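Each residue of the sequence shown is one higher than the one before, starting from 1 at the first, in my numbering. C-beta atoms are modelled at their ideal positions from N, C-alpha and C, and glycine is treated no differently. Since the structure is predicted, the reported quantities are computational estimates derived from the model, not experimental observations.
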Amino acid sequence: AFSSKTAAIDNLLASEANSISQGLSEYFAALQTAADDPTNLASREQVLGKSESLFQRVKTLSDFMIEKEEELNLEFTALVDRANTLISNIGELNEGIVIANGNSTRDQPSALLNERDKAVDELSSIMGINVKESKTQNGAVSINLTSGESLVLENGELNLFEVSSNADTATKQLSLQNVFSSEFDEEKSLRIRESDLGGALGGLFRYRDEVLGPAMRDVGQLSIAFADAMNQQNKLGMDLDGQLGGNIFDIPSFRGLPYEDTDGNLIVTGRLTEGKGAELTDADYNIRVTAVSGGVPTEIEITFLNADGTVKKASDGQEIPSETVTISSGFNELPRGIEVDFSGTDPYEVDDEFLIKPAKTLASKIDLATSRPEDLAFAAPIRGQANAANLGDANVVDVSVSNTEVGTSAFDGAGGILNSAPSQIRFTAADSYDVLDGTGNVLASVSGTSDLKNLIGQAVITPAPGYDISLDGVPRAGDTFTIEYNTDGFNDNSNTLNLADLQNESLVQLSSEATNKPRTFQDAYASMVGRIGGEASMAKVSLASAEAMKVQSENWFQSVSGVSLDEEAANLIKYQQSYAAAARILTTAQELFNTILQSAR
1 AFSSKTAAID
11 NLLASEANSI
21 SQGLSEYFAA
31 LQTAADDPTN
41 LASREQVLGK
51 SESLFQRVKT
61 LSDFMIEKEE
71 ELNLEFTALV
81 DRANTLISNI
91 GELNEGIVIA
101 NGNSTRDQPS
111 ALLNERDKAV
121 DELSSIMGIN
131 VKESKTQNGA
141 VSINLTSGES
151 LVLENGELNL
161 FEVSSNADTA
171 TKQLSLQNVF
181 SSEFDEEKSL
191 RIRESDLGGA
201 LGGLFRYRDE
211 VLGPAMRDVG
221 QLSIAFADAM
231 NQQNKLGMDL
241 DGQLGGNIFD
251 IPSFRGLPYE
261 DTDGNLIVTG
271 RLTEGKGAEL
281 TDADYNIRVT
291 AVSGGVPTEI
301 EITFLNADGT
311 VKKASDGQEI
321 PSETVTISSG
331 FNELPRGIEV
341 DFSGTDPYEV
351 DDEFLIKPAK
361 TLASKIDLAT
371 SRPEDLAFAA
381 PIRGQANAAN
391 LGDANVVDVS
401 VSNTEVGTSA
411 FDGAGGILNS
421 APSQIRFTAA
431 DSYDVLDGTG
441 NVLASVSGTS
451 DLKNLIGQAV
461 ITPAPGYDIS
471 LDGVPRAGDT
481 FTIEYNTDGF
491 NDNSNTLNLA
501 DLQNESLVQL
511 SSEATNKPRT
521 FQDAYASMVG
531 RIGGEASMAK
541 VSLASAEAMK
551 VQSENWFQSV
561 SGVSLDEEAA
571 NLIKYQQSYA
581 AAARILTTAQ
591 ELFNTILQSA
601 R
């Protein structure tokens, strides 16, 4: 099961028709084409079309994996039901064999033994088990999981499996219902580590936890990081309407899932922190309320989880420690790129727990936020230029934009910048300059500089305007450089190039560690495909080895407990010869007896 299902995922990811890598290449190629003529609507339409095509690939992959997860849950239930039936049958057969052996001093109950052997053989194909014969030699057997848990005792008592879920109903977990009699006659439930099961059932759980689950999260993480990066860069540009850019993609919010001991009416809403997509990891988040005031959470603890629910580990093999965050009303930013809001009207309590899975749940739900090609912000919203009367040879080589949010930047949101914002650089010497606002007031002065990059940043303007200017060359005293909104600057392609450059930026986190090296979009996808391809190759080798061992085990079993046709044929010949010899003796004795009778007469 593990091998065939892993191969199916591997083939899908490697297919060019479904490849996210191919979709990324086509999208960035369209951006490069649009950069040649940023006012061309057809080129802009092409960018939107490739955006939609890319996320159609994402949706195809995500929907396929969601479908496989649903099928997997049905298989879990079917296999567990069959295992429980076999366990019950083996327990009943144990009782029958013991009774039959007690009532007979000669023949073993062959039919019951054969039936039990078949049941044990089938159960061993579902999960890894150990079988032990009774020390009392009454014919009964006990069966344990290879991890030690008892399934069947010699006296016929047994434990049965139960499939359940906690928080996420799509993620099934396995437990063993202890129905053995105990001192207090209480029924107990024991969680089973699915990866220790072995057999077909263990293979399915391993496929879910090591292949399917991580792949779903990898696709989601990549998609979210990409969409957020494009949104943030587009918002730093100016569109064809002369306005600041907006979001290209819509990244929806998500709901926290309450654990079974938490009131199901409580609500936790999560969303990506805008601009923090590069910090998002593939982790699931366990959120536990650690302090409340008046029924409202004031502190929470966040634990980062793998797809199988275990705690994430750092590169040194140690569990990544949980983090505590103080929260208030509204959305609160958490580590690793998300924020949550506890918006329920019912009171929260300490130890309420919620599970959120942003990387797993969002990929197939990301969509275009606009259908207008004019909304693509290909131009920079600000421009700088040297005064024609300058005496030095310094020129503007770069105008960078880092923030266009109205209220926290110098942009007014109406196609301009504030009068109080930096609008001119005036040199008082080759290494000194003043920064002036739109009304001519000096905002700051800098002297003794040897670097003409980021002149506004060097001046430490507060609040920061959200843009900067860099020069090249040697200015002279009296030279001025103006900074203004890029009105009618539609032929400018600088932000198109910035969007295209994101292809080479490392914006997808490698792990959930606080410090790690992220990867590019293409590298992240290649890493996922390579990992699953490696799993598929190893699974083929393991399957071939397991099949060889199975044949050897079956041959050994048949040699000690089965019927050898050659041996039985030899026995038939031997018995036939013995029968013929005995018949000949009887014939000879009859002839001698008749001769004696005739002599007596």
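Check: Length-filtered (3 minimum) beta strand (DSSP E) runs lying within the region 131 to 167; Outcome: 141 to 145, 150 to 152 and 159 to 165
Check: Closest Cα partner of I87 within the set R57, E122 and N114; Outcome: E122
Check: Y259 in three-state terms, based on DSSP; Outcome: coil
Check: Nearest candidate by alpha-carbon position, reference A42, set A307, E67, L376 and R288; Outcome: L376
Check: C-beta atoms of F331 and V268 nearer than 8 Å; Outcome: no
Check: Span separating the alpha-carbon of I483 from that of T39; Outcome: 23 Å
Check: Burial state of K235, where buried means 16 or more other Cβ atoms lie within 10 Å; Outcome: buried
Check: Residues of its chain near A83, where Cβ-Cβ distance is below 8 Å and the 5 sequence neighbours each way are ignored; Outcome: L123, I126, M127, F161 and L201
Check: N- and C-terminal bounds of the beta strand (DSSP E) containing V401; Outcome: N395 to V401
Check: Neighbourhood of Y433 by C-beta, 7 Å cutoff - its chain only, sequence neighbours within 5 removed; Outcome: I425, R426, F427, V446 and L455
Check: Whole-number beta carbon distance between P297 and I320, since they are thought to touch under 8 Å; Outcome: The Cβ separation is near 22 Å, so there is no contact.
Check: Rounded separation between T370 and A227 - CA only; Outcome: 13 Å
Check: Local conformation of G606 per DSSP, three classes; Outcome: Outside the modelled stretch of the chain, which goes from 1 to 601, sits residue 606, for which no answer is possible.
Check: Buried or exposed by the 16-neighbour rule on C-beta atoms within 10 Å, applied to P463; Outcome: exposed
Check: Other residues of its chain near R44: CB distance less than 7 Å, five sequence neighbours each side excluded; Outcome: A34, P373 and L376
Check: Sequence-distant residues of the same chain with beta carbon closer than 6 Å to Q232, five excluded per side; Outcome: G275
Check: Inter-residue spacing [alpha-carbon to alpha-carbon] between F184 and E154; Outcome: Confidence is the limiting factor: at F184 the pLDDT is only 39, short of 50, which leaves the residue's position unreliable and the question unanswerable from this model.
Check: Pairwise C-alpha distance: L151 and L174; Outcome: 14 Å
Check: Reference E323, options E349, T6, L176 and I287, closest by Cα; Outcome: I287
Check: Rounded C-alpha distance that separates L12 from P381; Outcome: 42 Å
Check: Given M230 as reference, the closest of P258, F378, L93 and R191 once Cα atoms are compared; Outcome: F378
Check: 4-residue-minimum alpha helix (DSSP H) runs that sit fully inside the region 433 to 504, ordered along the chain; Outcome: 455 to 459 and 494 to 501
Check: Local conformation of G415 per DSSP, three classes; Outcome: coil
Check: K5 classed as buried or exposed, judged by whether at least 16 other C-beta atoms fall within 10 angstroms; Outcome: buried
Check: Extent of the continuous alpha helix (DSSP H) run through D121; Outcome: S110 to I126
Check: Through-space distance from L510 to G337, alpha-carbon basis; Outcome: 14 Å
Check: Close-in-space but distant-in-sequence residues of the same chain around E603 (CB under 8 Å, 5 per side omitted); Outcome: This structure gives no information on residue 603, because the portion of the chain shown stretches from 1 to 601.
Check: For S609, the three-state DSSP class (helix, strand or coil); Outcome: One cannot answer for residue 609 here, as it falls past the ends of the chain, which runs 1 to 601.
Check: Residues of its chain near N247, where Cβ-Cβ distance is below 8 Å and the 5 sequence neighbours each way are ignored; Outcome: N231, N234, K235, A369 and T370
Check: 7 Å CB neighbourhood of K365 in its chain, flanking five on each side removed; Outcome: P252
Check: Terminal residues of the alpha helix (DSSP H) in which Y207 lies; Outcome: G199 to Y207
Check: In DSSP terms, what G291 is bridged to; Outcome: A small correction: the amino acid at residue 291 is Ala; Gly does not occupy that position in the sequence shown. Answer is E299, bridged to A291.
Check: Per-residue burial, S21 [other beta carbons within 10 Å of its own, 16 or more giving buried]; Outcome: buried
Check: Through-space distance from E71 to A78, alpha-carbon basis; Outcome: 11 Å
Check: Neighbourhood of G473 by C-beta distance below 7 Å, restricted to the same chain and skipping five residues each side; Outcome: G392, D393, A394 and N395
Check: For V58, the first and last residue of its enclosing alpha helix (DSSP H); Outcome: L41 to G102
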